[in-house]
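Shown next, in structure tokens, is the structure this report addresses.
Okay, structure coming up:
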């Protein structure tokens with residue numbers, strides 16, 4: 001479509017996008033502020049900092065697949081609003097406890113555990129809600145615009161987070177995230193579009209519904225390699241995410257403000273990819289852009305693991321630029337393709353299966369990274385992440401995507417339970 005206003009002419013999508021803007025900013029602040037708060041204020045060890053991320057993503061192991069089946073049955077706007085409000089309360093407790101001088105590391109663990117459970121339902125519901133809100137032929141545009149929010153937040157939030165922690169304290173930075181969830185809930189409440197909720201005549205048992213979603217993914221000749229790639233990438237990316245802040249703080253000896261600045265410079269790649277990813281896919285083909293994105297991610301991680309003091313610090317922002325750009329391109333195309341080829345009645349379960357493959361690996365990777373960091377050092381965790389991301393890239397390179405330029409219409413299924421061509 002050539003509408004110059006694009007999806008921003010769609011009132012429901014415009015409100016969804018606006019809800020997402022500040023929420024993504026708050027989330028990105030917490031990614032940096034939480035480990036800095038634990039390490040600098042509560043004197044947490046490398047293992048404890050890694051364990052925080054483990055607890056934060058652990059809910060996907062328990063509830064990831066069930067959430068998809070539930071989301072296929074219900075209206076999702078109330079779920080999104082409720083989980084936003086719940087996370088606002090959880091994160092809002094941190095600055096309140098700090099103000100009274102009673103904040104502990106155990107409270108941080110409890111906060112991220114509660115927020116992690118709510119995030120499962122929000123993330124699955126958010127991806128399932130978009131195809132109910134807009135037409136199928138607008139999904140790539142919709143996902144690209146939402147991914148742009150993540151990219152802009154990735155560029156601006158780390159620097160802001162580093163300086164907030166350094167000059168106003170970690171609890172204040174966490175409080176900003178709590179406010180962002182209230183912003184998101186307010187805008188989501190304003191969406192008045194009627195949801196296209198599937199209404200099956202019969203309702204199979206929950207276990208059967210979950211199995212249908214898993215079977216669809218692993219019988220699909222393109223979704224399966226994408227699921228396996230994202231699982232590998234998530235496992236080993238968690239090695240880097242769990243210790244990167246502490247690595248820059250204790251090994252490279254940067255201040256929180258400098259860490260924020262370096263992270264901002266590196267994550268410019270995400271915004272660049274969000275702005276130009278669709279053009280790249282149109283020029284070289286969606287399939288090629290996917291596996292090339294995996295290769296770029298692996299190259300970026302090589303540079304991140306090679307970071308040293310002095311001039312060698314430049315490796316970190318350049319590596320993050322490449323890795324974040326590759327991840328963004330891969331995310332936009334993978335999510336859009338997944339939403340397109342999945343029958344409407346299976347979208348929640350397929351989304352949950354794909355998210356489960358990603359986030360069920362995250363707590364395992366974070367925990368192992370903490371063990372490796374405590375025994376062999378944080379740089380060893382970064383090199384293990386590099387090796388794993390290289391394996392993930394090879395899984396895409398040697399998949400059917402390598403023999404394609406675009407994603408063919410023959411892979412679009414039309415009925416729940418049907419096998420793709």
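In our numbering, the protein residues as written are 1 to 421.
For every residue, glycine included, the Cβ atom is placed at its ideal position computed from N, Cα and C.
Every value quoted in this text rests on a predicted model; they were computed, and no experiment measured them.
query, result
"Closest residue to residue 31 among 73, 70, 91 (Cα-Cα distance)", "91"
"Contact belief for residue 246 with residue 371 at Cβ below 8 Å, rounded distance in angstroms", "Not really, about 14 Å apart at Cβ, beyond 8 Å."
"Beta strand (DSSP E) segments (min. 3 residues) lying fully within the region 323-376", "none"
"Proximity to residue 86 [Cα-Cα], best of 272, 70, 104, 122", "122"
"Boundaries (first-last residue) of the alpha helix (DSSP H) holding residue 56", "46-57"
"Buried versus exposed call for residue 125 [16 or more other C-beta atoms within 10 Å across all chains shown]", "buried"
"CB of residue 56 within 8 Å of CB of residue 115, strictly", "yes"
"Closest residue to residue 330 among 187, 178, 289 (Cα-Cα distance)", "289"
"Straight-line Cα distance separating residue 271 from residue 437", "Lying outside 1 to 421, the shown extent of the chain, residue 437 is not represented and no answer is given."
"The alpha helix (DSSP H) enclosing residue 180, as first and last residue numbers", "170-189"
"Spatial neighbours of residue 11 in its chain, beta-carbon cut-off 6 Å, leaving aside the 5 residues before and after", "none"
"Separation of residue 341 from residue 421, as counted between CA atoms", "Confidence at residue 421 is low in this model, with a pLDDT of 42, below 50, so its placement is unreliable and the value that follows should be read with caution. Going from the Cα of residue 421 to the Cα of residue 341 covers about 11 Å."
"Where residue 27 falls, given that 16 or more other Cβ within 10 Å makes a residue buried", "buried"
"Ranges of the alpha helix (DSSP H) found wholly within the region 242-288, counting only runs of at least 4", "256-266, 268-284"
"Residue 206 classed as buried or exposed, judged by whether at least 16 other C-beta atoms fall within 10 angstroms", "exposed"
"Within 8 Å, strictly: CB atoms of residue 264 and residue 357", "no"
"Residues of its chain near residue 333, where Cβ-Cβ distance is below 7 Å and the 5 sequence neighbours each way are ignored", "281, 286, 289, 290"
"Pair within 8 Å by beta-carbon distance, residue 319 and residue 304", "yes"
"Reduced DSSP secondary structure (H/G/I, E/B, other) of residue 81", "helix"
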